[in-house]
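Notes to accompany the following structure.
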Amino acid sequence: MKSVFIWSGVGVLIVGGLLVVFTFVNPQGQVPDGAQSGGTFLSVPIGEADHIRGNIQSAVVLVEYGDFQCPACKSYFPIIAQLEQDFGDRVAFVYRHFPLAIHANSQSAARASEAAAIQGKFWEMHDILFDKQDDWARKGNVEDIFVEYAVSLELNPDQFRQDYNSNEVKDRVQKDLFAASADGLNSTPSFFLSGVKLQNLPQSYGAFEQVITAALTEQGGQQQEVQQ
144 MKSVFIWSGV
154 GVLIVGGLLV
164 VFTFVNPQGQ
174 VPDGAQSGGT
184 FLSVPIGEAD
194 HIRGNIQSAV
204 VLVEYGDFQC
214 PACKSYFPII
224 AQLEQDFGDR
234 VAFVYRHFPL
244 AIHANSQSAA
254 RASEAAAIQG
264 KFWEMHDILF
274 DKQDDWARKG
284 NVEDIFVEYA
294 VSLELNPDQF
304 RQDYNSNEVK
314 DRVQKDLFAA
324 SADGLNSTPS
334 FFLSGVKLQN
344 LPQSYGAFEQ
354 VITAALTEQG
364 GQQQEVQQ
């Protein structure tokens, strides 16, 4: 899978009384003249190991650091799903793990998604984990529950269980945790739009749609300037 790169630009949007500032890093890593420079930049670039949906060639990239057991992440799940449907051919959507210590089963859920990824069904497991969060979040033996989900996705259950408990999968989740730590994150969900953290989360689908539309408009203007 090809890497997604970060382009330059800046945008400011006021939505429902909520000020959202997003700044794009240019290829030299500098903030353009007049840009807002107070945002938190994505520390670890998007790479082949990342889970990406949508247009992986897009300059507009939405990265979510999420926790499958986080109720707030679950509330954003349908919003992001709708955004993927509406912007899928124009925007890249990336999911990274940030299982919080306060959620007893969040690490296990992240491992379940990575075990499914080895058999080519990360996003399918991602969706089930959020859809059925209430069914597993406070259970004791979640491994058996996750194996049931794997079977429903027609995965090999023996391989899934082996991968779920493997160091490879544990290290993959840890890699995202290190990235989240490098970005100074302390809550989920946390979103980065084209390399810069959204300091104030859009509170609805409409607000999020406007933020992404503004980013696409800004990027389109930059491309026209380059062509001229």
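Heads up, the sequence shown is in this note's numbering, so the first residue is 144 and it goes up one at a time.
C-beta atoms are modelled at their ideal positions from N, C-alpha and C, and glycine is treated no differently.
Cβ shell of residue i (< 6 angstroms), same chain only, five flanking positions each side left out
i	result
V203	V234, S337, A358, L359 and Q362
C213	T331
V285	N248, S251 and W279
S256	F265, M268 and H269
L272	F211 and A252
A323	Y208 and F241
Continuous alpha helix (DSSP H) stretch holding residue i: start and end
i	result
S333	No alpha helix (DSSP H) holds S333; the beta strand (DSSP E) holding it covers S333 to L336.
S256	S249 to I261
V316	N310 to A325
A293	V285 to S295
D278	Q276 to W279
One or two residues paired with residue i in a DSSP bridge
i	result
V204	A235
K340	F335
F184	V339
G209	H240
Simplified DSSP state of residue i, which is helix, strand or coil
i	result
H269	helix
R196	strand
F230	helix
W241	The residue you asked about is not Trp; residue 241 is Phe in the sequence shown. The answer is coil: DSSP assigns F241 none of H, G, I, E or B.
G400	The structure shown has nothing for residue 400, since the chain only spans 144 to 371.
F303	helix
G373	Nothing about residue 373 can be read from this structure; the chain reaches only from 144 to 371.
F220	helix
I189	coil
A358	helix
Whole-angstrom distance between residue j and residue i, CA atom to CA atom
i	j	result
W266	A244	23 angstroms
G231	P300	31 angstroms
A293	Q262	10 angstroms
R315	Q346	30 angstroms
K217	F335	18 angstroms
A260	I195	12 angstroms
D326	H246	20 angstroms
L298	I288	14 angstroms
T183	V290	38 angstroms
F321	D229	31 angstroms
I222	G283	29 angstroms
D319	P188	11 angstroms
R281	N310	24 angstroms
N329	Q302	33 angstroms
K275	Q305	23 angstroms
Any non-hydrogen atom of the ligand NAP closer than 7 angstroms to residue i Cβ
i	result
A293	The model depicted lacks the ligand NAP and carries no ligand whatsoever.
Cβ neighbours of residue i in the same chain (closer than 8 angstroms, five flanking residues each side left out)
i	result
L226	L205, V234, F236, Y348, F351, E352 and I355
N198	G231, D232, R233, V234 and A235
S186	A322, A325 and D326
S201	V147, R233, V234 and A235
Own chain, CB closer than 7 angstroms to residue i, minus 5 neighbours either side, in chain order
i	result
R254	Y307, V312, K313 and V316
S295	none
Y238	H194, E207, G209 and H269
Y219	P332
A215	T331 and P332
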